[in-house]
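Here the structure comes first, spelled out in structure tokens, and everything after it is commentary.
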Amino acid sequence: MKSAKSYTGTRNINKIGKDFQNPSIYTGTSRSPKITQTLKTRKSQTRTINPEDAAEIVKSYIIPMFNQELRSRSTKNRHEQHGTTFDLSRSKGFITEELLLSSKLNERLKKTNKINQELSVKLEEFKQKGVQKADEIYEKLYITSEANIKILLFENTELNKQITNLKFSQSLIYEEKNAYKRLYEESAKELSNIRQTLNQVQGEIDIRFFYIYFL
Numbered sequence: 001m002k003s004a005k006s007y008t009g010t011r012n013i014n015k016i017g018k019d020f021q022n023p024s025i026y027t028g029t030s031r032s033p034k035i036t037q038t039l040k041t042r043k044s045q046t047r048t049i050n051p052e053d054a055a056e057i058v059k060s061y062i063i064p065m066f067n068q069e070l071r072s073r074s075t076k077n078r079h080e081q082h083g084t085t086f087d088l089s090r091s092k093g094f095i096t097e098e099l100l101l102s103s104k105l106n107e108r109l110k111k112t113n114k115i116n117q118e119l120s121v122k123l124e125e126f127k128q129k130g131v132q133k134a135d136e137i138y139e140k141l142y143i144t145s146e147a148n149i150k151i152l153l154f155e156n157t158e159l160n161k162q163i164t165n166l167k168f169s170q171s172l173i174y175e176e177k178n179a180y181k182r183l184y185e186e187s188a189k190e191l192s193n194i195r196q197t198l199n200q201v202q203g204e205i206d207i208r209f210f211y212i213y214f215l
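1 is the number of the first residue of the sequence shown in full-length UniProt numbering; add one for each residue after it.
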């Protein structure tokens, strides 16, 4: 369903087109149109004409009008084989060329705008895909990092357990060493006492033996 603005623009185009096709705006034998006056009148009524409406007016009304004028004059020129009264105005030919060029440029502009819109949509799609891909890569890296951290923490825990066990074993060995050292010292001291006692006993025996056999 067309909007009020679109409907108003179409109605203005139709009014201007009818004015260009109205014979009352032509004067003299050359059928010169009062285009300026008509445009001024329409400008005061519509205030502004957007570029699309202007291009539509040029394409639908002004260009056909000049083409018709050119065809009629070309036909007249062919009938007047040696006539000198017909001379197509260069200014009108220039205006026609300018209008045709303007219409072509407008069509090209529409195509360019359409291409730009399509490229913008594709660019936005690429951006979205890029963001999605980046999120996927980040998620994979995050998961991998989390797994590696958990593995490292587990290995660190196991190493700490092994270190604790080694320290405990070393402590036991140290205690056993001290115990054996104390036992050795006590045994050595006791052996020294025994030897001393034996020496005393041996001395007493020798003295007694001397008295028995020599006295």
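Ideal placement from N, C-alpha and C gives every residue a C-beta, glycine not left out. Fair warning: this is a prediction, and the values are worked out from it, not measured in the lab.
> Taking the alpha-carbon positions, what's the R195 to E186 distance?
Replying inline: 14 Å
> Just checking my contact of A55 with N116 at CB under 8 Å: how many whole Å lie between their CB atoms?
Replying inline: Not a contact, Cβ separation roughly 18 Å.
> Residues in its own chain within less than 8 Å of R108 by CB, not counting five upstream and five downstream?
Replying inline: none
>> If I measure Cβ to Cβ from I207 and keep anything under 7 Å in the same chain, skipping five residues before and after, which residues do I get?
In response: none
> Shortest alpha-carbon distance to S103 belongs to which of E52, A188, N178 and G130?
Replying inline: E52
>> Taking the straight line between their C-alpha atoms, what separation do you get for S120 and V131?
In response: 16 Å
> Can you give the Cα-Cα distance for R182 and N165, rounded to whole angstroms?
Replying inline: 26 Å
> Just how far apart, CA to CA, sit I205 and K177?
Replying inline: 41 Å
> What's the gap between the Cα of A147 and the Cα of F154?
Replying inline: 11 Å
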